[in-house]
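Numbering (the working numbering), first residue to last: 149 to 451.
Note that the Cβ used here is the ideal one computed from N, Cα and C, for glycine as well.
A short worksheet on the structure shown next.
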């Protein structure tokens, strides 16, 4: 019995550090956003409820010797890194620095209300009330709001969709087939009335992640363009029938059960799958797919 108790204690001791390490990787903004919203609950869901409130963008010189401008999210990942090896303070703006110095809590948000962190002539409190960034001197009360348009789902669906076949080959994990459908960004921007003088767009995810992209193709830029195709490219697979090949898994340590059951993996018996790409539209159909849980000791017996 004592041995059992020691084994249990040892397992707990081994698992606890691993659990802590697993839980440690989160955006710090999740914690700081809560502190800001404690002081300004009405700003939830506004543009201030975003990484840009405290983080600035930046730039670096790529391998071609060209300067690449990055937004706050991209710059933080570039400078600080996914492993946290960089200096996080290099990624924050003047408002974020004041908040950090003040204690990095809801009280700190209130304490720096009277400051003009970005030296644009407006206090932090006035900027927050006007939904402008208190850490960005180029954004302040009195500016003309940029034109905007909000689309409903019905309006998006009415624009027409593009469906494309996707085949992804990876050297270690196998081959993957899929199909994705959506409104081409070019059609969306044209319908929204984008200015002819525009050169790029910023895309923001609901969690605040943002990424910039040029409109037109430019071989010298690291970010892919979003307006139309690359010159001379159609981004479509030729009309053909794509078959699953037994040999595709020969090097992946899958077990063959019988000829009509190509792979044995993760306890499932997968029958042959045929994928068909029709025409240049890239539509996709799936044929003859089955997935059954089986007994490893007797592959013909279902569990």
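Here residue 183 is near residue 254, since their CB atoms are less than 7 Å apart. Between the region 281-296 and the region 239-248 there are three or more inter-stretch CB-CB distances shorter than 8 Å, so the stretches are counted as touching.
Membership of residue 254 in the alpha helix (DSSP H) is indicated by the continuous run 254-259.
By the Cβ rule, the region 330-344 does not count as touching the region 183-201, because fewer than three pairs are nearer than 8 Å. The residue among 332, 187, 328 with its C-alpha nearest the C-alpha of residue 306 is 332. Residue 270 sits away from residue 293, with the two beta carbons spaced by 7 Å or more.
As for any alpha helix (DSSP H) of minimum length 4 sitting wholly inside the region 270-344, the runs are 272-277, 301-306, 333-340, ordered along the chain. Here residue 241 carries a coil assignment [DSSP, helix/strand/coil].
In the DSSP annotation of this structure, residue 361 is not part of any alpha helix (DSSP H); the continuous beta strand (DSSP E) holding it starts and ends at 358-362. Boundaries of the beta strand (DSSP E) harbouring residue 207: 206-209, taken from the DSSP string. Sorting 280, 360, 298 by C-alpha distance to the C-alpha of residue 191 places 280 at the top. Within 10 angstroms of the beta-carbon of residue 186 lie fewer than 16 other beta-carbons, which makes it exposed.
Sequence-distant partners of residue 219 (beyond 5 residues in either direction) whose C-beta falls short of 7 Å from its own C-beta, in its chain, are 205, 350, 358, 359, 360. Under DSSP, residue 223 takes part in no beta bridge, so it has no partner. Residues 329, 330, 331 of the same chain have their beta carbon placed closer than 7 Å to that of residue 309, with the five preceding and five following residues left out of the count. When C-alpha distances from residue 296 are compared across 229, 343, 265, the shortest belongs to 343. When secondary structure is reduced to three states using DSSP, residue 346 falls in the coil class, being assigned neither helix nor strand. With fewer than 16 other CB atoms across the displayed protein chains lying within 10 angstroms of its CB, residue 189 is exposed. Only residues of its own chain outside the window of five on either side were considered, and among them 206, 208, 218 have a CB closer than 8 Å to the CB of residue 226, listed in chain order. Within the same chain, Cβ atoms closer than 8 Å to the Cβ of residue 262 are found at 271, 272, 273, the five residues on either side in sequence being excluded. For residue 216, the enclosing beta strand (DSSP E) stretches over residues 215-218. Under the 10 Å beta carbon count, residue 275 is surrounded by 16 or more other beta carbons and is classified as buried.
For residue 375, no pairing in a beta bridge is given by DSSP. Here the alpha carbon of residue 373 sits roughly 10 Å from the alpha carbon of residue 347.
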